[in-house]
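This report refers to the structure that appears directly beneath it.
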Amino acid sequence: MMKVSRWLAVFMVVAMAAGVFAPAALAEDPTPTPVPIPEGVKVAGMPEVLPTQEELKAAIPPSLMEMGQGKKLRIMFQGGGDSAPAVEMKDFLKENVGLEIEIDVIPPESLREKQLSVFTAGSSDYDLMELYPTWIGEYAEAGFIENLDPYYEKYAAEINTEDFIAGAQVGFDKYQGSWYAVPYDGDVNIFYYRTDLWEDPAEQAAFKEKYGYDLKYPETWLQVRDMAEFFTRPDEGLWGFGTLALRTWWAADYWANVYRPHIAGDFQNGMVNDQGEFELDREAFIKANDLYMELMKFSPDGILNWGYPESKEALGNGVVAMSMQWATGVFRDPRQASHWDKLGCGLMPGVEQADGSIKHKPALAVGKALVVPTASENKDLAFLLGQFFASKAMQIYETNTGSGVDPNRISVFEDQRVKDVWGPLTSCTMANLDLGVPDIKVPGAAAYYEALIGELHSSWAGEQDSATAYDKVMKQWEIVREEQQ
940 MMKVSRWLAV FMVVAMAAGV FAPAALAEDP TPTPVPIPEG VKVAGMPEVL
990 PTQEELKAAI PPSLMEMGQG KKLRIMFQGG GDSAPAVEMK DFLKENVGLE
1040 IEIDVIPPES LREKQLSVFT AGSSDYDLME LYPTWIGEYA EAGFIENLDP
1090 YYEKYAAEIN TEDFIAGAQV GFDKYQGSWY AVPYDGDVNI FYYRTDLWED
1140 PAEQAAFKEK YGYDLKYPET WLQVRDMAEF FTRPDEGLWG FGTLALRTWW
1190 AADYWANVYR PHIAGDFQNG MVNDQGEFEL DREAFIKAND LYMELMKFSP
1240 DGILNWGYPE SKEALGNGVV AMSMQWATGV FRDPRQASHW DKLGCGLMPG
1290 VEQADGSIKH KPALAVGKAL VVPTASENKD LAFLLGQFFA SKAMQIYETN
1340 TGSGVDPNRI SVFEDQRVKD VWGPLTSCTM ANLDLGVPDI KVPGAAAYYE
1390 ALIGELHSSW AGEQDSATAY DKVMKQWEIV REEQQ
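Here the sequence shown stands for residues 940 to 1424, where the numbers follow my numbering.
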């Protein structure tokens, strides 16, 4: 029988002793304050929000049950919470399938290097690997990973692909129209705001008097700009806007939430599409980046050094009135966010079009997926195990144990236990996942992102204007493309 004692122990300890922190640059006292869980509130780790043994057994694909007895698979995961669900399932799979799994946990910063060393050596050591979708094109073009179309067809009766949120699967798991991965972590950026401020009659009256329209959830980035200015009150310890602006590649995803809806025409990716064509639009780039820099004027000092921890703590503890962040139940957990019951979310703001409609283009920022190496000698078994990890029961387990692995199935977000943990975040997360735009996935993606974030960050620091940043990005991208040919 599967052991859940570790999660229960973690839950008990955290429930009694977890603290709520302000961002390091803003905190006056870093000493953690114990936060009780209000009666009736359900959080990750509670037994009642986890799937039952029966649900987990029913989620095992029949062919995995038939083929798995006496077999062994070796899996590669990155370190952190991503590997926890698979590790927790080792005994369960041994007892219920007869399948032994060996899991190698690799530090995130070393994951790509490790995988490339395995691939180039022609090693058949691994049967299933976790990766960032931005690497899929590189691995697929090099013949390192299996095209999974035949497996999705072969086992169609055992897996419910219709339940996957369609937009997210194109973004995370497909390349040039084909399946190359099994869904795992459904990352997407959503837009959060302080509902207590927006619902305050005094704030509503003051905002309307100053800007001439009602204070309500912002549909456009121009409205975000007004609201960010309105709620920036440093003397009260409140700023209008938060984001992730550290010089790291996924900060470009946060920026892209503003950039992509400024593109006038249709596009696949808005940066570099799956055919390797450049879609970075000069006019949209300049408009969006100028607006983004204006928004950051309404952010706390040090915003250009904000990674996930700083952005998360500022949002969760009410330091910023609005922020882009990954969709996660963390912000509904009193142990991790003092303003857990004062945060709402919605569709990522966009840009109003000539016909009055709003173009919304949220980023499928980062995400994770599972791939089968072409050198594996257990491809069918690996594919089926990946589908078990992607099943409804396992996605409930993954998110409601607090692993940080987020769902991408419709039925999971509709499950009451997930609603209990995620609260009102479920509906807006689904909407953003369905409209999400994927990362660059072609060979050279890492170099494209490095050039992009380097020039963007330089402009944010005031070292160059947006037009110059665009021109420099395009010159570097041409060099990257030549190197890939």
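Note that the Cβ used here is the ideal one computed from N, Cα and C, for glycine as well.
Status (buried if at least 16 other CB within 10 Å, exposed otherwise) for Y1409
Here residue 1409 refers to the residue found at position 470 when the sequence shown is read from its first residue. Y1409 should be labelled buried.
For my contact list, R1221 and V1360 are in at a C-beta cut-off of 8 angstroms; report their separation, rounded to the angstrom.
Working through the sequence shown from its first residue, we reach residue 1221 at position 282. Working through the sequence shown from its first residue, we reach residue 1360 at position 421. No, R1221 and V1360 are not in contact; Cβ-Cβ is about 43 angstroms, not under 8 angstroms.
With three or more C-beta pairs closer than 8 angstroms as the rule, is the region 1336-1344 touching the region 1004-1024?
Output reads yes: the region 1336-1344 touches the region 1004-1024.
G1106 in three-state terms, based on DSSP:
To locate residue 1106, count along the sequence shown from 1; it is residue 167. Helix, per DSSP.
Any contact of the region 1277-1284 with the region 1176-1189, i.e. 3+ C-beta pairs under 8 angstroms?
Segments in contact, no.
Cβ pair count under 8 angstroms reaching 3, the region 1109-1126 against the region 1296-1312
Because the criterion of three Cβ pairs below 8 angstroms is met, the region 1109-1126 and the region 1296-1312 touch.
Tell me whether the region 1063-1075 and the region 1381-1399 touch, counting them as touching only if at least three CB pairs, one residue from each stretch, are closer than 8 angstroms.
yes
Let me confirm a value: L1161 is counted as buried when at least 16 other C-beta atoms fall within 10 Å, else exposed. Which label applies?
Mapped onto the sequence shown, residue 1161 falls at position 222. It is exposed - the Cβ of L1161 has fewer than 16 other Cβ atoms within 10 Å.
Can you give the beta carbon distance from W1194 to Y1231, rounded, assuming they're within the 8 angstroms contact cut?
Translated into the one-based positions of the sequence shown, residue 1194 becomes position 255. Translated into the one-based positions of the sequence shown, residue 1231 becomes position 292. Contact holds; Cβ gap of about 6 angstroms.
My output table needs one value for E1041: the three-state DSSP class, helix, strand or coil.
As a working mapping, residue 1041 is identified with position 102 in the sequence shown. Strand, per DSSP.
From what residue to what residue does the alpha helix (DSSP H) around E1005 run?
Position 66 of the sequence shown, counted from the start, is the residue given in the question as residue 1005. Per DSSP, E1005 belongs to the alpha helix (DSSP H) from P1001 to G1007.
Through-space distance from I1129 to G1368, alpha-carbon basis:
Residue mapping note: residue 1368 aligns to position 429 of the sequence shown, counting from 1. Residue mapping note: residue 1129 aligns to position 190 of the sequence shown, counting from 1. A small fix is needed here, since residue 1368 is Thr in this sequence, not Gly. Using only the alpha carbons, I get a separation of about 7 angstroms.
A961 by DSSP, collapsed to three states: which one?
The count along the sequence shown starts at 1 and reaches residue 961 at position 22. Confidence is the limiting factor: at A961 the pLDDT is only 34, short of 50, which leaves the residue's position unreliable and the question unanswerable from this model.
Which same chain residues end up closer than 8 angstroms to S1398 when comparing Cβ atoms and leaving out the 5 residues on each side of it in sequence?
The count along the sequence shown starts at 1 and reaches residue 1398 at position 459. The residues are N1228, M1232, D1404, S1405, T1407 and A1408.
Between V1026 and chain D, is any beta-carbon pair separated by less than 8 angstroms?
Here chain D cannot be found, since the structure has a single protein chain.
Do the region 1328-1337 and the region 1258-1265 touch if we need at least three Cβ pairs shorter than 8 angstroms?
no
Could you tell me which uninterrupted beta strand (DSSP E) segments, each at least 3 residues in length, are contained entirely in the region 1265-1335, listed from first to last along the chain?
1282-1285 and 1307-1310
Could you check the C-alpha separation between K1298 and V1376 for me, to the nearest Å?
Counted from its first residue, the sequence shown places residue 1298 at position 359. Counted from its first residue, the sequence shown places residue 1376 at position 437. Using only the alpha carbons, I get a separation of about 12 angstroms.
With a threshold of 7 angstroms on Cβ separation, who are the neighbours of G1285 within its own chain once the five nearest residues in sequence on each side are excluded?
On the sequence shown, position 346 is the one that residue 1285 refers to. F1130, Y1156 and C1367.
Report yes if the C-beta distance between N1347 and L1372 is below 8 angstroms; otherwise report no.
Locating residue 1347 in the sequence shown gives position 408, where the first residue counts as 1. Locating residue 1372 in the sequence shown gives position 433, where the first residue counts as 1. Taking 8 angstroms as the Cβ cut-off, N1347 and L1372 qualify as a contacting pair.
For E987 and E1097, the rounded distance between their alpha carbons:
Within the sequence shown, residue 1097 is the residue found at index 158, counting from 1. Within the sequence shown, residue 987 is the residue found at index 48, counting from 1. Across the structure, E1097 and E987 are spaced so that their CA atoms are roughly 27 angstroms apart.
Neighbour-count burial assignment, Y1090, 16 or more Cβ in a 10 Å radius:
Taking the first residue of the sequence shown as 1, we reach residue 1090 at position 151. Label assigned to Y1090: buried.
Please go through the same chain and pick out, in chain order, the residues whose beta-carbon is closer than 7 angstroms to the beta-carbon of L1067, but skip the five residues on each side of it.
Locating residue 1067 in the sequence shown gives position 128, where the first residue counts as 1. The answer, listed in chain order, is L1012, I1014, L1309, V1311, A1321, L1324 and G1325.
Given this structure, state the Cα-to-Cα distance separating A1081 from Y1114, to the nearest angstrom.
Start at 1 with the first residue of the sequence shown, and residue 1081 comes out as number 142. Start at 1 with the first residue of the sequence shown, and residue 1114 comes out as number 175. Whole-angstrom Cα-Cα distance: 13 angstroms.
Separation of G1116 from E1148, as counted between CA atoms
For the purposes of this step, residue 1148 is taken as the residue at position 209 of the sequence shown. For the purposes of this step, residue 1116 is taken as the residue at position 177 of the sequence shown. Roughly 51 angstroms separates the two Cα atoms.
Leaving out five residues on either side along the sequence, give the residues of the same chain with a beta carbon under 7 angstroms from the beta carbon of P1200.
For the purposes of this step, residue 1200 is taken as the residue at position 261 of the sequence shown. Excluding residues within five positions, the ones whose Cβ falls inside 7 angstroms are G1289, V1290, K1298, H1299 and K1300.
Is there contact between the region 1350-1365 and the region 1056-1066, where contact requires at least three CB pairs shorter than 8 angstroms?
no
What is the DSSP secondary structure of D1192, reduced to helix, strand or coil?
Position 253 of the sequence shown holds residue 1192. DSSP places D1192 in helix when its eight states are reduced to three.
If I measure Cβ to Cβ from R1420 and keep anything under 6 angstroms in the same chain, skipping five residues before and after, which residues do I get?
Against the sequence shown, residue 1420 aligns to sequence position 481. Around R1420: no qualifying Cβ.
Threshold first: 4 residues or longer. Then list the alpha helix (DSSP H) segments lying entirely within the region 1331-1377, N to C.
1331-1339, 1349-1353, 1355-1361 and 1364-1374
According to DSSP, residues forming a beta bridge with N1128
Numbered from 1 along the sequence shown, position 189 holds the residue referred to as residue 1128. W1265, per the DSSP bridge assignment.
Out of V1026, L1243 and F1016, state which residue places its alpha-carbon closest to the alpha-carbon of E1048.
Within the sequence shown, residue 1048 is the residue found at index 109, counting from 1. Comparing Cα positions, the closest option is F1016.
Contacting residues, own chain, Cβ-Cβ under 6 angstroms from W946 (five flanking each side not counted)
Numbered from its first residue, the sequence shown carries residue 946 at position 7. The pLDDT assigned to W946 is 34, lower than 50, so where the model puts this residue is not dependable; a value taken from the coordinates is nonetheless given after this. So the qualifying residues of the chain are G984 and T1340.
Cα-Cα separation between E1252 and L1374, rounded to whole angstroms
In the sequence shown, counting from the first residue as 1, residue 1252 sits at position 313. In the sequence shown, counting from the first residue as 1, residue 1374 sits at position 435. C-alpha separation (whole angstroms): 27 angstroms.
Pull the bridge partners of T1182 from the DSSP assignment, please.
For this step, residue 1182 is matched to residue 243 along the sequence shown. None; T1182 has no bridge partner.
Select from L1219, K1380, K1226 and N1196 the residue whose C-alpha is nearest the C-alpha of K1414.
In the sequence shown, the residue the question calls residue 1414 occupies position 475. The residue with the shortest Cα to Cα distance from K1414 is L1219.
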